Each structure stands twice: as C-alpha cells, then as structure tokens.
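Visitor: There's a structure below that I have some questions on.
In this note's numbering, the protein residues as written are 18 to 407.
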C-alpha cells in the first residue's frame, strides 16, 4: 500500500470524525482543511472552454449597462454578507450554464417582493480549459433527471478512486455527501467557508492536490435542473471573455422557465471596454413542421396549405395559419422565453409550440379528413436590428 493511499485513508477517517463532532460554531479553519483533503478527490479537470457561462443582474444606474465592468464580479466593498460560495469581503463571480438558471438565481436574490422589469444577461467564454470542484449528492435529494445524470458521472469517477482506497469507501461517501448537502442549504455557514478556502486560500489542502479555478453545483431555485458556477475575480480577469449581453423584460417566472421579451443585444468592444447596443424587434413569425395530433395521439404532418373545414360549406374553410397560429403567436412573439442561440444579424430564434384545441376541428389534408385535437409547429422568429442612439 503506497504512502499516498495511507495518507488518504487517514484523511478520510479524520474528516468523518470531524463531521460527526461538528457543532453549530465548529466550522473553523481546521475543520475546513480536514474536509477539503477529501473533496480534493472530486475535481473535474480540463472542463471545455466552449461551455458558455451566463451571468444575470439588474442594472439601475443610467449608462452603467454600456460598460463591460458592469457584468463582472462585484468589488470587495460591494460584498457585505456571506453567500453560498463566498464570505463577506471576498467576492466571487456567480454564473450558470444556461440563461434560465442565471435569471432565476438573480430573481431569487432580489427577493419575491422586488419588482423587476428589466434584467441584463451577459454571456462569457473561458479562454482556456479549467478545473472545477464538483459536488456529489444522494439521488433522493436531487429532483430532476438531468441533475441525477450529472451526479451519476461524478459517482462513477469516485468509484474508481474508491478502488484505490480499500476499506474507506463508505466513509468517503459519507463525508462527500455531508459537504454537498450544505450547498443545497440556505444556511451558508459551511458552504461559504469551504468555498472561500477552495477559491482564495493558496495554502488550502485542495490546492496542494491540483489547482481549482471554480465550483460547480446544482441550482436550488431551479430544483437542481440547472447548474451554477462560482469563479474568483482573478480567474475571470485572466481567463474569461465577455462576448454578448442580452437586455430582457421579465414577463413571468414559472417552474417551466422564465418568460421574457428581448429588447436589445449588446456587442462587446473589448478594446474600449464598452458595450454597443442594438434594439431588437421580431419580424412576423414563420411556421415550420406543422403537425396535427388526432385521436389516439397519432401525429400527421401537414403544411400551411391544409385547411380546417367548418363541416358545412367548403367555401368556409380557412387555412391552419389563420385559424390557429396567428392569434396565438401574436401573444407569444414578445414572450419567447430565454434565448439559447446567439442573437446577431442573420440569426433565427426557433420555438416549438403546441396548442391544445378547445374542441376537435376537422382538417382536410391530401384528400383525407382528420379530427384534430392539438396542433404542433416550430415557430421561427427573425430578429431585426437597429443601432441604439446614445
């Protein structure tokens, strides 16, 4: 048995003892150091630089949205209380791997009684691969299949490590799950101190193992269906690039997602450290892949030339577009949900739409008559840009 294996087995035993004896006020440097020797085993190395990171925030000061500095981490003087992944006075860059999660997180931070109409979502890329500390959870704690899938990959990597630590497997899992649980807790006592040690302390036990640039953990507000990240300001400054900024009006915040209308897109001028804004309007939508759902949930592909018929006179028949889609899309056009493509001249926004009909309608397609209970289609929106004055 190697000295390294013996050292990890001893560290596992010490960490297990530490969490079993932990009281409300026992989260000191010694506890953090002990536990982090175990969490060092859960580092995901060489994360792709091509995974976009989104950060949402509210901006109130006039003109601040035009400066690239508005979208980075806050200054130390603006970091006054502990958070999930930081302690007061030591800010981190909070982001998410999708826009919906980023927006939900900032809405939660602002509070349910805070009326927000406008938010800015910045899109960032890392300029190199990086390492993150990834957390492990019990599947019964996680609420979505996507979170469980990511968790299972982490567990698979851990099992490879456990093969090298005979006799310590169950204890190691206990320690890992204890620490991870605190990243789902609104009491930040443990998570903030552990995160600070990971991200800021050069003498941390984890940094002796391998350099860690950030943390990766499931979003509580998204019911673990999205993932958050936290980076130090230095990593953002040295190894991340701001690419785009979206200006949204928030319409609604539901379990299925945040609904917004897009008002503007900001292009980044890195040399001048400014954001150049373009107002965005959406052209009249196009409809593709139109389908009828008939009795028995069978789907029939149809086209725009197909008609709904009144059942009385063929002259009363009207196209699918005029009968069903245009009134609905009139409401949806400015209410499109968060954007999953880069909005730029020539780009398209595609949204699947499913419309349940209040009562079955008859449709004639290719000489066949069908009783239709729902309509599916892909709605294509083409943004129109105009450079903003001032």
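No residue lacks a Cβ here, since even glycine has one placed at the ideal position from N, Cα and C. Here the structure is a predicted model, which is why all the values come from computation and not from measurement.
Cβ atoms of residue 398 and residue 188: under 8 Å apart, would you say?
Guide: Translated into the one-based positions of the chain shown, residue 188 becomes position 171. Translated into the one-based positions of the chain shown, residue 398 becomes position 381. Taking 8 Å as the Cβ cut-off, residue 188 and residue 398 do not qualify as a contacting pair.
Visitor: Would you call residue 231 buried or exposed, if buried means 16 or more other Cβ atoms sit within 10 Å of its Cβ?
Guide: Taking the chain shown and counting its residues from 1, one reaches residue 231 at position 214. Buried, because 16 or more other Cβ atoms sit within 10 Å of the Cβ of residue 231.
Visitor: Quick one: is residue 202 buried, meaning 16 or more other Cβ sit within 10 Å of its Cβ, or exposed?
Guide: In the chain shown, counting from the first residue as 1, residue 202 sits at position 185. Residue 202 is exposed by the Cβ-count criterion.
Visitor: Would you call residue 197 buried or exposed, if buried means 16 or more other Cβ atoms sit within 10 Å of its Cβ?
Guide: By one-based count along the chain shown, residue 197 stands at place 180. Buried, since its Cβ has 16 or more Cβ neighbours within 10 Å.
Visitor: Who are the Cβ neighbours of residue 257 in its own chain at under 6 Å, not counting the five residues just before and after it?
Guide: As a first step, residue 257 is located in the chain shown; it is residue number 240 there, counting from the start. Cβ neighbours of residue 257 beyond the five flanking positions: 141, 143.
Visitor: Assuming residue 297 contacts residue 360 (C-beta within less than 8 Å), just tell me the rounded distance between them.
Guide: In the chain shown, the residue the question calls residue 297 occupies position 280. In the chain shown, the residue the question calls residue 360 occupies position 343. Yes, residue 297 and residue 360 are in contact; Cβ-Cβ is about 7 Å, under 8 Å.
Visitor: Could you tell me how far apart the beta carbons of residue 135 and residue 264 are, in whole angstroms, since I believe they sit closer than 8 Å?
Guide: Within the chain shown, numbered from 1, the residue matching residue 135 stands at position 118. Within the chain shown, numbered from 1, the residue matching residue 264 stands at position 247. Indeed they touch by this definition, with Cβ atoms about 7 Å apart.
Visitor: What number of angstroms, rounded off, separates the C-alpha of residue 278 from the C-alpha of residue 305?
Guide: Residue 278 sits at position 261 when you count from the first residue of the chain shown. Residue 305 sits at position 288 when you count from the first residue of the chain shown. The straight-line gap from Cα to Cα measures roughly 22 Å.
Visitor: By the 10 Å Cβ neighbour count, where 16 or more other Cβ atoms means buried, how is residue 78 classified, buried or exposed?
Guide: Position 61 of the chain shown, counting from 1, holds the residue named residue 78. When all chains shown are included, residue 78 counts as exposed.
Visitor: List the residues that DSSP assigns as beta-bridge partners of residue 111.
Guide: One-based indexing of the chain shown puts residue 111 at position 94. Per DSSP, 247.
Visitor: Could you check if residue 301 is buried or exposed, using at least 16 other CB atoms within 10 Å of its CB as the buried criterion?
Guide: Here residue 301 refers to the residue found at position 284 when the chain shown is read from its first residue. Label assigned to residue 301: exposed.
Visitor: Can you find the residues in the same chain that come closer than 6 Å, C-beta to C-beta, to residue 147, ignoring five residues on each side of it along the sequence?
Guide: Translated into positions along the chain shown, residue 147 becomes position 130. Result list for residue 147: 64, 230, in chain order.
Visitor: What do you get for residue 400, buried or exposed, if any count of 16 or more other CB atoms within 10 angstroms of its CB means buried?
Guide: Locating residue 400 in the chain shown gives position 383, where the first residue counts as 1. So residue 400 ends up on the buried side.
Visitor: I believe residue 62 touches residue 227 by the beta-carbon criterion, under 8 Å. Please report the beta-carbon distance rounded to the nearest angstrom.
Guide: For the purposes of this step, residue 62 is taken as the residue at position 45 of the chain shown. For the purposes of this step, residue 227 is taken as the residue at position 210 of the chain shown. At roughly 7 Å, the Cβ-Cβ gap stays under 8 Å, so residue 62 and residue 227 are in contact.
Visitor: Is the distance from the Cβ of residue 396 to the Cβ of residue 374 below 8 Å?
Guide: Within the chain shown, numbered from 1, the residue matching residue 396 stands at position 379. Within the chain shown, numbered from 1, the residue matching residue 374 stands at position 357. It is not a contact, given that the beta carbons lie outside the stated cut-off.
Visitor: Taking residue 250 as the reference, give the member of 60, 89, 75 with the closest Cα.
Guide: For the purposes of this step, residue 250 is taken as residue 233 along the chain shown, with counting starting at 1. With distances taken between Cα atoms, residue 250 lies closest to 89.
Visitor: Tell me, please, which residues DSSP counts as bridged to residue 271.
Guide: Looking up residue 271 in the chain shown gives position 254. Per DSSP, 274.
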